[in-house]
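Below is one structure; the comments refer to it alone.
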Amino acid sequence: MLKTVLPHYVSTTERIWYYTLRILCALILLFLVLPILVIIPLSFSQSSLLLYPIQSFSLRWYDTLFHSSDWIRAATNSFIVAPSATVIATVLGTLAAAGLHRAQFPGKGFLVAVLISPMIVPLVVTGLGIYLFFAPYGLVNSYSGLILALAAIGAPYVVTTVSATLQGLDPNLLRASYSLGAGPIRTFFGVTLPIIAPGVIAGALFAFATAFDEIVITLFLAGPEQVTLPRQMFTGIRENISPVIAAVATILILFSTSLLLVLEWLRGRAAARTTRVTST
Amino acid sequence: MILVGPLALFLLIIFVIPIGSLLTRAIDNPEVIQTLPTTLKALQHWDRKSTPPDTAYLALSQDLTKAKNSPSAGELARRLNYEIPGYRSLLFKTLRRTPIQATDGPAARDALLAIDKRWSELPYWAAIANNDKSWSPYYLLASLDLKLNSKGDVTSVPPDTSAFRAIFSRTFVISLVVTLVTLLLGYPLSYWITRLSKRRANLVLICILIPFWTSILVRIAAWVVLLQREGLVNSALMHLGLISEPLPLLFNRLGVYIAMVHILLPFMVLPLYSVMQSVPPTYQRAAISLGSHPFAAFWRVYVPQTYPGIGAGSLLVFIIAVGYYITPALLGGAGDQMISYYVAYFTNQTTNWGMASALGLILLVGTLLLYSLYRKISGKELTLG
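Below you can see the structure in the form of structure tokens.
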């Protein structure tokens, strides 16, 4: 084992140093991953206390969860609000990225800075600003207000992801399309979009994950009708943390991990596709 | 380029204008000029040192009689109460006794003084006279524990009522500690990943990305479970014989630090790793072959080449930490809340939108300044991964 990792000429201090680093890093990785894993078994516990060791296992908390009108409504709301915001963010963000690609005009830097500013501005400031701005128009405590706000938060993720994918696009393909008589719209849908599709989907996933997990703006804008999963979890953690929360957490961990795996797979595909396109 | 239009317009309406209008909200001051217009006119030439003119008493009794039972009276009372605590009760007490039957100044003066002696005190009149404009620096000054005194000079508020400087410095300290700890943990971790084979590096990166993608509320719930009195951390420490009594880890600063470091560590590792990947190992080897001690080679040759990553990662973590709200709100105590908490507090609890906007603006300006520094250091806009 030692020989495969370190060449034989390294000194003892270096060897000690190397293994110290390895143990330290293993501990840091444990610190990152363990808290998330710890909550999963507790959701299958019979006990109503979130404590180890688990005495006996049951699915009662999942049963409670699936029969709770509050949680069902929260899940329904999340799956109304987040996908709607994602569609708006993805369409507008992809168009914007295509418009910015290879375009040179005065003030481009400033425009890009404005387009991605929702990523930087503290969420509380965004929430307050939109709350005060929406209130006179009756958009506070409404689905449409929440969806519009979450779309604004998600759009920059689409712009940055799609822009990065467009960097790998071979301009000769577009020239070929134009020379064969296709207009800019046909070229976009027939040539550009199929090539950058993995980037668009990745951007949409980022926007979805952001909207799906958003809590701060939701606290400002959502009324009792619009309670989403994060909002319901916020109340649950604040008031009385029960194993139902652990059950929700387990489902959400599985959900976000599968999103991540899809994203990684897409990244691999995108990389393979741009190399294939540019090498042929 | 035209394709940028829809998103630019969308963000202008949904994002840029709402946030820009916080600026006007933070200096908006309509209450006094709307509800007490004749009083302000009567106080126009008042020197703020002598007793206000009798016409001001008459004007005030007329303005208050007119405002009685209207919502503007409540807003006025709230606004003036910010200037002098207790003003609200004074106004409501006076409003209850309106209409005041007085046709000339001295009679109005006697009537008001009969209702409450405080109407003879100059600060109560100065509070009205100082708000003779539709905008006021009051909220912005109050956010920095400053105020205008009755002469119109900027002074510090008395120490027992000051709070915001302490909250700003607390926000700064928490963000700084979290940034330093994430750097301390993130640096060796990123360095280690660069030395792994590609397959194992990807596996470790997935381990970092899984918590990164997991809902923040799931991670907070997990930390509540771990850090509670009978939680795994306390029972493990007691099992090891390190402590005999469970440590209080929840609803205090330590819990906030632990959870914030956990949530923000990936934001440190990803920029650090991307910089370290581009550092060629040959320089360090050259230094060692020229006789440098391996530690010296690491410290003096390798680390300086990663300064852009350290700068970008630290600024990114600091910028995100400064705006944190949910984590301290759920895992901290009353003394661990950061500036964002008070923005939400003034919006939802006391509906003092002027104060919320002023605090939000200061947070926004601070964040944008830090972000322009980030752009200078990393030479690029914010991207992911």
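Protein sequence lines correspond, in order, to chains S and F.
When we follow our numbering, the leftmost residue of the first sequence carries the number 2, and every step to the right adds one.
When we follow our numbering, the leftmost residue of the second sequence carries the number 4, and every step to the right adds one.
For glycine and all other residues, C-beta sits at the position ideal for the given N, C-alpha and C.
On a predicted model such as this, the values are computed, not experimentally measured, just so you know.
Separation of residue j from residue i, as counted between CA atoms
{"i": "Tyr19 (chain S)", "j": "Gly224 (chain S)", "result": "54 Å"}
{"i": "Ala80 (chain F)", "j": "Leu12 (chain F)", "result": "40 Å"}
{"i": "Pro56 (chain F)", "j": "Ala136 (chain S)", "result": "42 Å"}
{"i": "Asp148 (chain F)", "j": "Tyr90 (chain F)", "result": "20 Å"}
{"i": "Ser92 (chain F)", "j": "Ala225 (chain F)", "result": "47 Å"}
{"i": "Leu125 (chain F)", "j": "Ser53 (chain F)", "result": "8 Å"}
{"i": "Ala75 (chain S)", "j": "Lys96 (chain F)", "result": "46 Å"}
{"i": "Ser390 (chain F)", "j": "Ile29 (chain S)", "result": "Outside the displayed span of chain F (4 to 388) sits residue 390 (chain F), for which this structure offers no information."}
{"i": "Leu319 (chain F)", "j": "Leu366 (chain F)", "result": "15 Å"}
{"i": "Leu194 (chain S)", "j": "Phe207 (chain S)", "result": "18 Å"}
{"i": "Ala248 (chain S)", "j": "Pro297 (chain F)", "result": "50 Å"}
{"i": "Ala99 (chain S)", "j": "Leu10 (chain F)", "result": "12 Å"}
{"i": "Gln233 (chain S)", "j": "Ile154 (chain S)", "result": "20 Å"}
{"i": "Pro42 (chain S)", "j": "Gly77 (chain F)", "result": "54 Å"}
{"i": "Met4 (chain F)", "j": "Leu101 (chain S)", "result": "6 Å"}
{"i": "Thr281 (chain S)", "j": "Gly382 (chain F)", "result": "Any reading at Thr281 (chain S) must be qualified, since the residue scores a pLDDT of 42, below 50, and its modelled position is unreliable; no value is offered."}
{"i": "Leu3 (chain S)", "j": "Thr285 (chain F)", "result": "For Leu3 (chain S), the predicted structure reports a pLDDT of 39, less than 50, and the residue's modelled location is therefore unreliable. The matter cannot be settled from this model."}
{"i": "Thr370 (chain F)", "j": "Ile322 (chain F)", "result": "6 Å"}
{"i": "Trp266 (chain S)", "j": "Val207 (chain F)", "result": "16 Å"}
{"i": "Thr161 (chain S)", "j": "Ile117 (chain S)", "result": "8 Å"}
{"i": "Leu387 (chain F)", "j": "Ser159 (chain F)", "result": "A caution first: Leu387 (chain F) carries a pLDDT of 45, below 50, which makes its placement in the model unreliable, though a value can still be read off. Going from the Cα of Leu387 (chain F) to the Cα of Ser159 (chain F) covers about 43 Å."}
{"i": "Met263 (chain F)", "j": "Asp66 (chain F)", "result": "53 Å"}
{"i": "Asp163 (chain F)", "j": "Leu25 (chain S)", "result": "46 Å"}
{"i": "Ile285 (chain S)", "j": "Arg203 (chain F)", "result": "The question about residue 285 (chain S) has no answer, for chain S in this structure spans 2 to 281."}
{"i": "Ser178 (chain F)", "j": "Asn255 (chain F)", "result": "15 Å"}
{"i": "Gly269 (chain S)", "j": "Val263 (chain S)", "result": "10 Å"}
{"i": "Ser64 (chain F)", "j": "Asn32 (chain F)", "result": "22 Å"}
{"i": "Tyr260 (chain F)", "j": "Leu260 (chain S)", "result": "28 Å"}
{"i": "Ala114 (chain F)", "j": "Leu151 (chain F)", "result": "30 Å"}
Cross-strand partners of residue i (DSSP beta bridge)
{"i": "Lys150 (chain F)", "result": "F:Thr158"}
{"i": "Trp138 (chain F)", "result": "F:Asp31"}
{"i": "Phe58 (chain S)", "result": "S:Ser46"}
Closer than 8 Å at the beta carbon, the chain S residues around residue i
{"i": "Arg222 (chain F)", "result": "Pro36 and Ile37"}
{"i": "His48 (chain F)", "result": "Those do not exist, as His48 (chain F) stays about 37 Å from chain S at its closest Cβ, beyond 8 Å."}
{"i": "Ile329 (chain F)", "result": "Ile216, Val217 and Phe235"}
{"i": "His265 (chain F)", "result": "Phe32, Leu33 and Pro36"}
Cβ-Cβ distance between residue i and residue j below 9 Å
{"i": "Ser49 (chain S)", "j": "Ser57 (chain S)", "result": "no"}
{"i": "Leu6 (chain F)", "j": "Ala97 (chain S)", "result": "yes"}
{"i": "Thr197 (chain F)", "j": "Tyr310 (chain F)", "result": "no"}
{"i": "Leu93 (chain S)", "j": "Ala165 (chain S)", "result": "no"}
{"i": "Gly204 (chain S)", "j": "Val141 (chain S)", "result": "no"}
{"i": "Trp195 (chain F)", "j": "Leu22 (chain S)", "result": "yes"}
{"i": "Ala150 (chain S)", "j": "Leu222 (chain S)", "result": "yes"}
{"i": "Tyr142 (chain F)", "j": "Glu86 (chain F)", "result": "no"}
{"i": "Leu253 (chain F)", "j": "Gln231 (chain F)", "result": "yes"}
{"i": "Ile216 (chain S)", "j": "Pro231 (chain S)", "result": "yes"}
{"i": "Thr58 (chain F)", "j": "Ile103 (chain F)", "result": "no"}
{"i": "Ala105 (chain F)", "j": "Leu46 (chain F)", "result": "no"}
{"i": "Ile213 (chain F)", "j": "Thr211 (chain S)", "result": "no"}
{"i": "Val368 (chain F)", "j": "Phe175 (chain F)", "result": "no"}
Contacts of residue i in chain F (Cβ-Cβ under 7 Å)
{"i": "Tyr53 (chain S)", "result": "Leu235"}
{"i": "Ala99 (chain S)", "result": "Leu6"}
{"i": "Leu149 (chain S)", "result": "Ile17"}
{"i": "Ser257 (chain S)", "result": "Trp216, Thr217 and Ser218"}
{"i": "Val228 (chain S)", "result": "Ordered by position in chain F, no residue passes the 7 Å Cβ test against Val228 (chain S), which lies about 13 Å from the chain."}
{"i": "Phe106 (chain S)", "result": "Met4"}
Chain S residues whose Cβ lies nearer than 7 Å to that of residue i
{"i": "Arg28 (chain F)", "result": "Leu133"}
{"i": "Tyr374 (chain F)", "result": "Ile121"}
Neighbouring residues, chain F, relative to residue i (Cβ below 9 Å)
{"i": "Arg16 (chain S)", "result": "Those within 9 Å of Arg16 (chain S) in chain F number zero; the least Cβ separation is about 11 Å."}
{"i": "Gly94 (chain S)", "result": "Leu10"}
Listed by chain order, chain F residues near residue i by CB distance under 8 Å
{"i": "Ala210 (chain S)", "result": "Trp216"}
Interface residues of chain S facing residue i [CB-CB closer than 9 Å]
{"i": "Ile20 (chain F)", "result": "Gly130 and Phe134"}
{"i": "Ser381 (chain F)", "result": "Within 9 Å Cβ-Cβ: nothing; Ser381 (chain F) doesn't reach chain S, min ~13 Å."}
Residue i: CB within 8 Å of a non-hydrogen atom of the ligand GDP
{"i": "Arg91 (chain F)", "result": "The model depicted lacks the ligand GDP and carries no ligand whatsoever."}
- Query: If you pair each beta-carbon of the region 16-35 of chain F with each one of the region 355-362 of chain F, do three or more pairs fall below 8 Å?
  - Reply: yes
- Task: Please determine if the region 331-347 of chain F and the region 88-104 of chain S are in contact, where contact requires at least 3 C-beta pairs separated by less than 8 Å.
- Result: no
- Answer yes if the region 342-356 of chain F comes into contact with the region 119-130 of chain S, meaning at least three C-beta pairs across the two stretches below 8 Å, and no otherwise. yes
- Query: Contact between the region 305-314 of chain F and the region 373-381 of chain F: three or more CB pairs below 8 Å?
  - Reply: Short answer: they touch.
- Task: Examine the Cβ distances between the region 229-240 of chain S and the region 213-232 of chain F and report whether three or more of them are shorter than 8 Å.
- Result: yes
- Counting Cβ pairs closer than 8 Å, one from the region 270-286 of chain F and one from the region 182-194 of chain F, do we hit at least three? yes
- Task: Flag this pair as touching only if the region 245-261 of chain S and the region 30-46 of chain S have three or more C-beta atom pairs under 8 Å; answer yes or no.
- Result: yes
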